[in-house]
Amino acid sequence: MSYDKLIEVSGRVNDLLNAGSILSWDARTMMPKGGSETRSKQLATLAVAARDLLCSDEMKRALDGAEAEVKGRAEDSPERRIVAQVREAIDYHERIPSELLRRKTELGSAGHDIWAEAREKADFSIFAPALKTMVEISREMAEAIGYEEHPYDALMYRFEPGTTTAQLRTLFSRLREGMLPLVRAIAEAEQPRSDFLYRNYPVEAQMGFALKMAERIGYDLDRGRLDTTVHPFEISFTRNDVRITTRVNPAYMPMSLFGALHEAGHAMYEQGADPAYVRTPLATDLVGLYAVSGVSFGAHESQSRLWENHVGRSRAFWENHFGEIRAAYPGTLDDVSATEFYRAINRSRPSLIRVEADELTYDFHIMLRVELESRLIDGSLSVEDLPEAWNAGMKDYLGIEVPDDAQGVLQDVHWSSGQIGTFCNYTIGNIMAAQLFETAVTADPGIRTALDGADYAPLRGWLNQHVARHGRRYSRDELLVNATGRALDPEPYLRHLTSKYSEIYGLAA
């Protein structure tokens, strides 16, 4: 039975990737600083071992036989999709020299600590040499993978298959057209009161409340945990162990709360995958060499942004849970109403930090990063000139001055680990989130009624049925067409932003 053999061998690939994920989680949460150098080599060894097993003669023999065995099944059957994805991954990785993968993985692990030091000291020059090497490696990767129009397209393939630089230009143009009038109108409006968000909020209380809200929306603590880190992330070691992190500022409570809700959305995607897919290619990104169930990083981001923004920042959520947040911080919010709190956490104003940006200005951060990344890869921008280009872009897009590198070019962790080509996923996730949420509450009005009553199970069930349980069985657009009747569409997102912010700021919709 060649198909059974294929599942067995791909399960071992998944095991290796999960072992690497555990080491990555430890490196970003608990590992002492001195462990960085050896940890980078350990991760590189596991990544290369997974790639070598994927491309081994044992796997290829099993694949050849499995293709014949499943030939008569429906094209979108799990078996046919598994076979196709293994074939695609082998073809992809055989274009990339294993030594190039090893160099990238080693630098990606060591680069995290270099970035963290540079960010702590607000000094880009500390990180620049590592980033320059990572850009050079990424260019080599792009040439090895191949592309038709732009080398950046090849790098995005790992994260958002089929997306091109040209498509993003069109998409971003439509978003700017829809968002800029709203941004300008809000700039002239009176801002909601928000002073109470910056009071003293004890770390322990923040972590307790953040975890409580993550569990309330559906994060399963029997298969998860919450820790702190420099840059929040979710990571899974199969659907049975999915961990999240957040970061805490004692003088700004929303950071920990919405970081946890965001990462819980990611985690619920992984926890909701069909149990039958555990350790199979339908729960393993064999191209990207990640042990994840999400069909693309944008699809994954859609779940985190949906739960963070459409649920966690909704008026109904805080009408239901404001008493609980008051109780979590005795006396701190006694002079604040639920409506004031709702308006404050949704206030829109340009900000330096992407992960703290409001829904309306968030995508301008993404547009800037995609532009800079693509220019780094095609050679029209040098690493040495990146801080200046960053600062100019922030002034152009958001009208704000960048005071230092930590709050500017060093704020994101992605480049340190070699994740060049992934930023578009955040905007694609925002668009998908609105498209899925609008469809869900229209198709089943009971979902909205349940949300108004603090019952999150109906929405979670709809998302599990239409998104999470399928793992990597369908492409991103297949998933969207099956769930909403159309491929990626920015209009529901623009409707959501216009309606929400017009109401908050009293604008004419």
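My numbering applies: residue 7 is where the sequence shown begins, and numbers increase by one. Yeah, the Cβ is synthetic: ideal placement off N, Cα and C, and Gly gets one too.
Residues that residue i bridges to, as DSSP identifies them
i: R249; result: I241
i: T234; result: T252
i: Y225; result: Y225 is not bridged to any residue.
i: D291; result: Y296
Best match in the options for proximity to residue i [C-alpha to C-alpha]
i: H272; options: R45, L513, L469, A53; result: L469
i: S200; options: A56, V389, Y348, A220; result: Y348
i: E221; options: M274, V236, E196, T252; result: M274
i: N315; options: E81, A334, L366; result: L366
i: V528; options: W31, T51, P393; result: Past the boundaries of the shown model lies residue 528; the chain is included only from 7 to 515, so the question cannot be answered.
i: Y499; options: L416, R311, I359; result: R311
i: H118; options: H237, A440, Q413, D280; result: H237
i: A257; options: A195, Y296, L203; result: L203
i: A193; options: G452, Q417, G405; result: G405
i: L177; options: K506, S508, E497; result: E497
i: L358; options: A398, S115, E183; result: A398
i: D21; options: A150, D63, V298, R454; result: V298
i: V389; options: T35, K138, E126, S16; result: K138
i: L494; options: D341, G435, H472, A446; result: G435
i: M213; options: S42, I331, W324; result: I331
i: T251; options: E240, V284, T244; result: E240
i: D483; options: G424, D340, A134, G300; result: G300
i: Y511; options: Q197, G467, T234; result: Q197
i: A514; options: I426, K401, A191; result: A191
i: S380; options: L457, R249, P157; result: P157
i: W121; options: Q417, G467, R478; result: Q417
i: G265; options: V342, D233, E81; result: D233
i: N24; options: D410, P287, M65, S320; result: P287
i: H268; options: A350, K401, E362; result: E362
i: E377; options: D410, H420, G427, A334; result: G427
i: Y5; options: R93, M37, Y432; result: Here the chain covers residues 7 to 515 and nothing more, so residue 5 does not appear.
i: L227; options: E444, D247, N326, E307; result: D247
i: I96; options: S115, D58, L106, A74; result: D58
Boundaries of the alpha helix (DSSP H) in which residue i is found, first to last residue
i: T2; result: Residue 2 falls outside the range modelled here, since the chain spans only 7 to 515, and no answer is possible.
i: Y98; result: 84-99
i: H306; result: 303-311
i: N516; result: Because the chain is modelled from 7 through 515, residue 516 falls outside the range shown and cannot be assessed.
i: R57; result: 42-60
i: E379; result: 365-384
i: F202; result: Looking at the DSSP string, F202 is not in any alpha helix (DSSP H), and its letter there is neither H nor E.
i: P187; result: 171-193
i: F347; result: 344-351
i: A412; result: Here A412 belongs to no alpha helix (DSSP H), and DSSP marks it neither H nor E.
i: E126; result: 104-127
i: V284; result: Element bounds for V284: n/a, residue is neither H nor E.
i: D70; result: 63-75
i: G399; result: 392-404
i: H420; result: Element bounds for H420: n/a, residue is neither H nor E.
i: V447; result: 430-449
i: P208; result: Where P208 is concerned, there is no enclosing alpha helix (DSSP H), given that its DSSP letter is neither H nor E.
i: Q425; result: Run containing Q425: none; DSSP gives neither H nor E here.
i: R466; result: 463-472
i: G271; result: 260-277
i: I331; result: 321-334
With 16 other Cβ atoms within 10 Å as the buried cut-off, status of residue i
i: S131; result: exposed
i: R175; result: exposed
i: Q441; result: buried
i: K39; result: exposed
i: Q91; result: buried
i: Q518; result: Only positions 7 to 515 of the chain appear in the structure, and residue 518 is not among them; the question remains open.
i: Q277; result: buried
i: K506; result: buried
i: K110; result: buried
i: N352; result: buried
i: E154; result: exposed
i: A340; result: In the sequence as presented, Ala is not what sits at residue 340; that position holds Asp. So D340 ends up on the exposed side.
i: R231; result: exposed
i: Q329; result: Per the sequence shown, residue 329 should be read as Gly rather than Gln. By the 10 Å Cβ count, G329 comes out exposed.
i: D82; result: exposed
i: E166; result: buried
* **Length at least 4, wholly inside the segment 142-168: the alpha helix (DSSP H) runs in chain order** => 157-162
* Asked: Which full runs of the alpha helix (DSSP H) of 4+ residues lie inside the segment 474-498, going along the chain?
  -> Runs of the alpha helix (DSSP H) spanning 4 or more residues and lying entirely within the segment 474-498 occur at 482-490, in chain order.
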